[in-house]
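Taken in order, these protein sequences are the chains called X and P. For the first sequence, this note's numbering assigns the number 7 to the initial residue and increments by one for each residue that follows. For the second sequence, this note's numbering assigns the number 8 to the initial residue and increments by one for each residue that follows. Glycine included, each C-beta is placed from N, C-alpha and C at the ideal position.
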Amino acid sequence: MHREEVLAKLRERIVLFAASHLSRDVAEDLAQEVLMLLHEKYAHLERPEDLLPLSLQIVRFKIMSLRRKAARRGEYTQVSITDIPLPDLDSNPADYVERKEMLEQLTRAIGQLGERCRRLVRLKLQGKSFPEIQEIMGAANINTVYTWDHRCRKHLLELMGGDWEPGKR
Amino acid sequence: MNREDIRKLLGGYATGTLTPEEQQALFEAALGDQELFDALVREQALHDLLRDPAAKAQLLTALDERPPRWYEAFQGWRAAAAIGMAALVVAAVVIVRQNRLAPRPLEVAMVKAPEPPAAPPAPTPAAPAATAVPAAVAGKPKAAPRQFTPPRTDLRREAPAPQPELPPAPKAEMAPPPPVPPLEIAAPPAPLAAARGMAGGIGGTIPGTGQNARGLFYGNLPVSRFAATDATGQAGQQQGAQGQQQESLRMRAAAAGGRGGGGGAAMPARNLGVRYTVLRKSETGDYVEIDPDNLKAGDSVELRFTTNDSGTLSLMARTAPSAWRLVATRRMERLVPFTTEPLRPGEKDLQVSFSRQPEAVLQNAALSDAALSKDSSNLTEQAAAERATYVVNPAAPEVRFAITLSFK
């Protein structure tokens, strides 16, 4: 899949996602700004597995910025592309507080998981891939590990209240 | 991988542990699947968090801690509260079960409000004193005539009158039924040590018969079969201190029979008798029954009389020789106690007269001591357990006797 083709699909996906959370115009602008950023600063990336995670991170960060500004000013304003910094988790106190709150809640939720899920999450946090986890946990099939992980993730998400980010609930 | 399997790779995206093949499959699928793309965007927050090594280390530490067991939640005040709640639940269950299993008390008697005394019936001199009235008349049971007002206490459970079932017979050839002997309560034997004869009488028992005044007093009292059975059954088992209970029971039983409400016929006592007790004013102001031998100088005294038949009772007292005072004269009902007013200080010689005929009762003149002594055919018995004295005259239709209170 060529880069232009990937970017076209990315734009479509971003617009639809943002439109479900923001207005259509804002969603269009948001997608355009993400693509411009990818074009100007990440022109060397071509594969979907490189472009897509990056675009996801930019989309999330931009949406968060939009919400903060709307809350602060009481109105939606266009965000200049120059205002969008590169992802930096410790960039500002608001991010820090949100991350801290999310981490505390995740810590509590993980403590309520069952033994198998705790072991599975532990192995994932240790950087083990699904095939390695299959071998460690003695699963007969890789799909079994996928299923275990899917259920554990679903349970963890329920314990978190349905969303990973506390501020979005 | 199908679509569902690819969605299961979302968990690996957040932790960054997908293999290159898995990543390619997931991202290519996300570009063509809006729902999966949205899920990936939502997963991005966790992905960003887990990129931080410090956050990852904190979560690993939380995972290494042993998850608390369910019972470990009950510590400190929670444990105390749980134990307290459990104890309350157990106590409630026990109480409920006990209430269910406990037998309900059988109510056999109740106290009724005193009813206004009925007009005294006319004296019944013509009534056969020593003959039994049949409880049933041929062919048709006949209610016994009532002679007494209802007593203050009442038996709630009354057995039906003993009515023998008679076969239907032609009226013309109906033979008079055999007389049914009245049920009699056998008075319980008073404690031997307590029963003793009184001076002036002929002794505690009738020579040759073994009967005492107490037995004669309660003899020939018609009662219902139930009451008789109950009373005699208990009388045979109880002695001494339980005499008062028996007394109460007998009185109630006899009174129930006397009402004729299904009991035996009310008939004159075979041997006219008087039962009296001495009451002394206590520290609380109430008059309580005492042993007459325990009177002390200055005591305020009352007397309580009970007769075994209806009649007129008169009481006279004196402080000095020949200075008699009529303390009380009144109509007595069978087994209905009568308590006098307090005697005046110094009044220790008393004369009691009881008869079915009012004119035979001493009114304003008392007999001399000699006459009283001469007339004494009384049978006297003092039942110490009941603190009562029984005086019965088996030989005359009236009872006259003297009481001498000895103040120490």
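Beta carbon proximity, residue i to chain P, threshold 8 Å
i: residue 116 of chain X; result: yes
i: residue 63 of chain X; result: yes
i: residue 108 of chain X; result: yes
i: residue 68 of chain X; result: no
i: residue 71 of chain X; result: no
i: residue 133 of chain X; result: yes
i: residue 22 of chain X; result: yes
i: residue 150 of chain X; result: no
i: residue 41 of chain X; result: no
i: residue 127 of chain X; result: yes
i: residue 32 of chain X; result: no
i: residue 17 of chain X; result: no
i: residue 99 of chain X; result: no
i: residue 103 of chain X; result: no
i: residue 124 of chain X; result: yes
i: residue 55 of chain X; result: yes
i: residue 28 of chain X; result: no
i: residue 60 of chain X; result: no
i: residue 36 of chain X; result: no
i: residue 112 of chain X; result: yes
Assigned secondary structure, residue i (DSSP; H/G/I helix, E/B strand, else coil)
i: residue 364 of chain P; result: coil
i: residue 71 of chain X; result: helix
i: residue 97 of chain P; result: helix
i: residue 413 of chain P; result: coil
i: residue 321 of chain P; result: strand
i: residue 170 of chain X; result: coil
i: residue 470 of chain P; result: Residue 470 of chain P lies beyond the stretch modelled for chain P, which goes from 8 to 415, so this question has no answer here.
i: residue 111 of chain X; result: helix
i: residue 8 of chain P; result: coil
i: residue 315 of chain P; result: coil
i: residue 50 of chain P; result: helix
i: residue 295 of chain P; result: strand
i: residue 48 of chain X; result: coil
i: residue 356 of chain P; result: strand
i: residue 287 of chain P; result: strand
i: residue 18 of chain P; result: helix
i: residue 402 of chain P; result: coil
i: residue 149 of chain X; result: helix
i: residue 396 of chain P; result: strand
i: residue 68 of chain P; result: helix
i: residue 327 of chain P; result: coil
i: residue 1 of chain P; result: Beyond the ends of chain P as shown, which are 8 and 415, falls residue 1 of chain P; an answer cannot be given.
i: residue 280 of chain P; result: strand
i: residue 38 of chain P; result: helix
i: residue 407 of chain P; result: strand
i: residue 309 of chain P; result: strand
i: residue 351 of chain P; result: coil
i: residue 304 of chain P; result: coil
i: residue 219 of chain P; result: strand
i: residue 58 of chain P; result: coil
Residue-chain proximity (residue i, chain X), Cβ-Cβ < 8 Å
i: residue 10 of chain P; result: no
i: residue 53 of chain P; result: yes
i: residue 62 of chain P; result: yes
i: residue 108 of chain P; result: no
i: residue 65 of chain P; result: yes
i: residue 31 of chain P; result: yes
Supposed close pair residue i, residue j - CB separation, criterion 8 Å
i: residue 60 of chain X; j: residue 72 of chain X; result: With a Cβ gap of about 19 Å, residue 60 of chain X and residue 72 of chain X do not count as contacting.
i: residue 32 of chain X; j: residue 64 of chain X; result: 15 Å between Cβ atoms; not a contact.
i: residue 365 of chain P; j: residue 319 of chain P; result: 4 Å
i: residue 29 of chain P; j: residue 136 of chain X; result: 7 Å
i: residue 224 of chain P; j: residue 304 of chain P; result: Not a contact, Cβ separation roughly 31 Å.
i: residue 56 of chain P; j: residue 143 of chain X; result: Contact doesn't hold; Cβ gap of about 24 Å is too wide.
i: residue 406 of chain P; j: residue 361 of chain P; result: 5 Å
i: residue 131 of chain X; j: residue 22 of chain P; result: 6 Å
i: residue 388 of chain P; j: residue 220 of chain P; result: 4 Å
- [ ] Decide yes or no for the touch test of the stretch 303 to 320 of chain P against the stretch 278 to 287 of chain P: beta carbon pairs closer than 8 Å, at least 3 of them.
- [x] Look at the beta carbons and you see the stretch 303 to 320 of chain P touching the stretch 278 to 287 of chain P: at least three pairs across the two are nearer than 8 Å.
Open item on the list: Beta carbons nearer than 8 Å to chain X: which residues of the stretch 37 to 51 of chain P have them?
Closed with: Residues 37, 38, 39, 41, 44, 45, 47, 48, 49, 50 and 51.
Open item on the list: Quick test of the definition: if touching needs 3 or more C-beta pairs under 8 Å, does the stretch 151 to 162 of chain X touch the stretch 116 to 127 of chain X?
Closed with: Contact holds: three or more Cβ-Cβ distances are below 8 Å.
Open item on the list: Between the stretch 350 to 362 of chain P and the stretch 319 to 326 of chain P, can you find at least three pairs of beta-carbon atoms closer than 8 Å?
Closed with: Look at the beta carbons and you see the stretch 319 to 326 of chain P touching the stretch 350 to 362 of chain P: at least three pairs across the two are nearer than 8 Å.
Task: Meets three-Cβ-pair contact criterion under 8 Å: the stretch 8 to 27 of chain P and the stretch 114 to 123 of chain X - done: Look at the beta carbons and you see the stretch 8 to 27 of chain P not touching the stretch 114 to 123 of chain X: under three pairs across the two are nearer than 8 Å.
- [ ] Count the C-beta pairs between the stretch 11 to 28 of chain X and the stretch 38 to 58 of chain X that are closer than 8 Å, then say yes if the count reaches three, no if not.
- [x] Counting Cβ pairs under 8 Å, three or more are found: they touch.
Task: Interface residues of the stretch 84 to 103 of chain P facing chain X [CB-CB below 8 Å] - done: Residues passing the 8 Å Cβ filter: none.
- [ ] With 8 Å as the C-beta to C-beta threshold (strictly closer), list the residues of the stretch 150 to 173 of chain X near chain P in chain order.
- [x] Taken in chain order, the members of the stretch 150 to 173 of chain X whose beta-carbon sits within less than 8 Å of a beta-carbon on chain P are 152, 153, 155, 156, 158, 159, 169, 170 and 171.
Open item on the list: Would the stretch 162 to 169 of chain X count as touching the stretch 107 to 120 of chain X if we require 3 or more Cβ pairs under 8 Å?
Closed with: With the cut-off at 8 Å, the stretch 162 to 169 of chain X and the stretch 107 to 120 of chain X touch.
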